[in-house]
Amino acid sequence: MFDKKDSHIEVKRGLQIHFPRLWRYCLVLTGNKEQADDLAQAVCLRALEKSALYKPGTHIDRWMFKIAQRIWINELRKQSVREGGGLAPIEEIELPDNNPSPESNLLAREVLFKVMSLPEAQRITVMLVYVEGYSYIEASKILDIPVGTVMSRLAAARSKLATIINEKSETG
Amino acid sequence: MSNNTRFTDEELIAYLDGESDFSPISEIEKDLVNNPDLRVRLESLALEKDKLKQSLESILDLAPEPPTFEDLITDTQKFGFGHLIAVATIALVIGFGLATYLIRDGEDQWRDYVAAYQALYANSTLSHIDQASTDASKELDRVGSAIGKKLDLTTVSKPKQLDYKRAQILSFKGQPLVQLAYLSKIGVPIALCIIQSSNSSDSGLKHQNMQGMSAVHWTKDGFEYLLIGGKDVELIERSAVYFSKHL
Numbered sequence: 013m014f015d016k017k018d019s020h021i022e023v024k025r026g027l028q029i030h031f032p033r034l035w036r037y038c039l040v041l042t043g044n045k046e047q048a049d050d051l052a053q054a055v056c057l058r059a060l061e062k063s064a065l066y067k068p069g070t071h072i073d074r075w076m077f078k079i080a081q082r083i084w085i086n087e088l089r090k091q092s093v094r095e096g097g098g099l100a101p102i103e104e105i106e107l108p109d110n111n112p113s114p115e116s117n118l119l120a121r122e123v124l125f126k127v128m129s130l131p132e133a134q135r136i137t138v139m140l141v142y143v144e145g146y147s148y149i150e151a152s153k154i155l156d157i158p159v160g161t162v163m164s165r166l167a168a169a170r171s172k173l174a175t176i177i178n179e180k181s182e183t184g
Numbered sequence: 274m275s276n277n278t279r280f281t282d283e284e285l286i287a288y289l290d291g292e293s294d295f296s297p298i299s300e301i302e303k304d305l306v307n308n309p310d311l312r313v314r315l316e317s318l319a320l321e322k323d324k325l326k327q328s329l330e331s332i333l334d335l336a337p338e339p340p341t342f343e344d345l346i347t348d349t350q351k352f353g354f355g356h357l358i359a360v361a362t363i364a365l366v367i368g369f370g371l372a373t374y375l376i377r378d379g380e381d382q383w384r385d386y387v388a389a390y391q392a393l394y395a396n397s398t399l400s401h402i403d404q405a406s407t408d409a410s411k412e413l414d415r416v417g418s419a420i421g422k423k424l425d426l427t428t429v430s431k432p433k434q435l436d437y438k439r440a441q442i443l444s445f446k447g448q449p450l451v452q453l454a455y456l457s458k459i460g461v462p463i464a465l466c467i468i469q470s471s472n473s474s475d476s477g478l479k480h481q482n483m484q485g486m487s488a489v490h491w492t493k494d495g496f497e498y499l500l501i502g503g504k505d506v507e508l509i510e511r512s513a514v515y516f517s518k519h520l
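Here the protein sequences line up with chains A and C, keeping their order.
Last residue of the first sequence: 184 (this note's numbering), numbering continuous.
Last residue of the second sequence: 520 (this note's numbering), numbering continuous.
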């Protein structure tokens, strides 16, 4: 056990700082905004509850993603499947038009759609390795799978993604 | 053997991803020199990760505000963490300084609440109080019976460095808790709190700092005690030695 007060404070601060990334991960994991909101909130609550287990100074973001994974797999996903939730409402998500170039906005929307079309296992691996920038080993620990599985998921996902991303960037 | 099938897709992707532990990098690079087929294959596996990353950046702007601590407490039932609700109720009464003590489990928790409560005390909370000894004695009888302990005014008010003011019954998770309130010679509020103990064994005096105040706690004869207030460590320790012997 670590100094509970330090752990708790650092967990609170970490949640504040990393919340957008956590929420994005939850969005990719669950496939829709409402469930992403719920899951992200559940992660915050669980992280605070378990803050005594968090060692101050270690990687809180990885810890958060791991908690998200666990809660989704062990608790919420079953409920979601039962309720008929699943992939869908990504079309409903209006991406903010931060980019002055309409082509870039279009690309962003298409890439997001493509990522969300991947099977869950592939898209969360892609998120962790190619978007969040974790190494294969780090991703394998977050997802609690062998590194070989990380690699085969990436291989499967890449061929699907490459067509849209590489093509568009050539013409854009 | 075709050089093109020597490496798996996974190995080539690991090479492109810079994962030296999972890719025979030097062999791939050796092969690349003389093998245009391998180069073509690598190119077909390439992925513009920057573009991928950039495209997903904009989602970050869609994220809602992180939940506040208070939001999380009111939603605990949704996620099955009902025990936090009791804490929330008390938090509303005593104030959110409790947040840092929230996660402490078990029988020690009552001390955290006492400390948070004591932190609210000022000199003016008690300075106007001036009870006649008969009233003070009756009050002590009343509060003492709430926890099943005889409290004697002479004993309670004996320490010269502490000016005894009053006693009251508080409640922690449905259990009665007695608070004896004092002012030090320089007017600092100090409290001695007593609660029935579930521990069968006595403990020695344990010193700590709680909410910036000096504190000593101990267990004796089926009761737990906490003496807390101010920053005069010696005063608290001396007084604790006295109370632990005589109460």
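All residues carry an ideal CB built from backbone N, CA and C; glycine is no exception.
Residues sharing a beta bridge with residue i, DSSP
i: Ser262/C; result: What the structure shows of chain C is the stretch from 274 to 520, and residue 262/C is not part of that stretch, so it cannot be assessed.
i: Cys466/C; result: Gln452/C, Leu499/C
i: Tyr37/A; result: According to DSSP, which records beta bridges pairwise, Tyr37/A is partnered with nothing at all.
i: Gln441/C; result: Gln452/C
i: Lys493/C; result: Phe496/C
i: Ser457/C; result: Leu435/C
Among the options, nearest to residue i - alpha-carbon criterion
i: Phe496/C; options: Ala464/C, Ser512/C, Ile509/C, Val451/C; result: Val451/C
i: Ala513/C; options: Ala389/C, Gly503/C, Gly485/C, Lys479/C; result: Lys479/C
i: Thr137/A; options: Asp50/A, Leu119/A, Glu122/A, Ala167/A; result: Ala167/A
i: Val162/A; options: Glu150/A, Leu118/A, Ser171/A; result: Glu150/A
i: Phe125/A; options: Val313/C, Tyr455/C, Ser328/C, Ile402/C; result: Ser328/C
i: Gly477/C; options: Gly447/C, Ser517/C, Glu507/C; result: Ser517/C
i: Leu333/C; options: Glu22/A, Val55/A, Lys45/A; result: Lys45/A
i: Asp50/A; options: Glu338/C, Leu318/C, Glu300/C; result: Glu338/C
i: Ser331/C; options: Met76/A, Leu119/A, Val55/A; result: Leu119/A
i: Thr341/C; options: Gln134/A, Leu27/A, Val159/A; result: Leu27/A
i: Asp403/C; options: Leu456/C, Leu393/C, Asp385/C, Met483/C; result: Leu456/C
i: Ala174/A; options: Phe280/C, Ala319/C, Tyr437/C, Asn396/C; result: Ala319/C
i: Lys172/A; options: Ser129/A, Leu57/A, Val159/A; result: Ser129/A
i: Pro471/C; options: Ile459/C, Ala488/C, Lys493/C, Asn308/C; result: Note that residue 471/C is Ser in the sequence shown, not Pro. Taking only the C-alpha atoms, the option nearest Ser471/C is Lys493/C.
i: Gln266/C; options: Gln391/C, Pro432/C, Gln382/C, Thr407/C; result: Because chain C spans 274 through 520 in this model, residue 266/C falls outside it and cannot be assessed.
i: Arg135/A; options: Ser164/A, Asp73/A, Lys24/A, Leu41/A; result: Leu41/A
Proximity test, Cβ basis, 7 Å: residue i and chain A
i: Leu329/C; result: yes
i: Asp414/C; result: no
i: Phe295/C; result: yes
i: Asp301/C; result: This sequence places Ile at residue 301/C; Asp is not what is there. Chain A contact via Cβ: absent.
i: Ile298/C; result: no
i: Glu316/C; result: no
i: Glu497/C; result: no
i: Glu292/C; result: yes
i: Val366/C; result: Legend: pLDDT at Val366/C = 37, less than 50; position of this residue unreliable, value from coordinates given subsequently. So no, Val366/C is outside the interface.
Cβ of residue i within 7 Å of any chain C Cβ
i: Gln53/A; result: yes
i: Gly97/A; result: Bear in mind that the predicted position of Gly97/A carries a pLDDT of just 48, short of 50, making it unreliable; the figure below should be weighed with that in mind. Answer no: the Cβ-Cβ gap between Gly97/A and chain C never drops below 7 Å.
i: Ala167/A; result: yes
i: Val162/A; result: no
i: Gln28/A; result: yes
i: Arg170/A; result: yes
i: Ile177/A; result: yes
i: Tyr148/A; result: yes
i: Tyr66/A; result: no
i: Arg25/A; result: no
i: Ala174/A; result: yes
i: Tyr142/A; result: yes
i: Arg82/A; result: no
i: Ala120/A; result: yes
i: Glu22/A; result: no
i: Arg36/A; result: yes
Proximal chain C residues relative to residue i, where beta-carbon distance stays under 9 Å
i: Asp49/A; result: Pro337
i: Arg33/A; result: Leu333, Ala336
i: Leu39/A; result: Ile332, Leu335, Ala336
Under 7 Å by beta carbon: chain A residues contacting residue i
i: Pro340/C; result: Gln53, Cys56
i: Ile501/C; result: By Cβ distance, chain A contributes nothing, its closest Cβ being about 17 Å from Ile501/C, past 7 Å.
Interface partners of residue i on chain A, CB under 8 Å
i: Asp282/C; result: Ala167
i: Val287/C; result: As written in the sequence, residue 287/C is Ala, which differs from the Val given in the question. Going along chain A in sequence order, the residues near Ala287/C (Cβ under 8 Å) are Tyr148, Met163.
Residue i CB to nearest heavy atom of the ligand FMN below 6 Å
i: Ile298/C; result: Among the ligands in the structure shown, none appear at all, so the ligand FMN cannot be discussed.
Under 8 Å by beta carbon: chain C residues contacting residue i
i: Leu130/A; result: What Leu130/A touches in chain C: nothing, since even the nearest Cβ is about 12 Å away.
i: Leu124/A; result: Ser328, Leu329, Ile332
Stretch-stretch touch, CB-based, cutoff 8 Å, three pairs: the region 460-477 of chain C with the region 499-506 of chain C: Result yes; three or more Cβ-Cβ pairs closer than 8 Å.
May I ask you to verify whether the region 59-69 of chain A touches the region 17-34 of chain A, counting CB pairs closer than 8 Å and requiring at least 3? Yes, since at least three Cβ pairs between the region 59-69 of chain A and the region 17-34 of chain A fall closer than 8 Å, the two stretches touch.
Quick test of the definition: if touching needs 3 or more C-beta pairs under 8 Å, does the region 286-303 of chain C touch the region 141-161 of chain A? The region 286-303 of chain C, when compared against the region 141-161 of chain A, does touch it at the 8 Å Cβ threshold.
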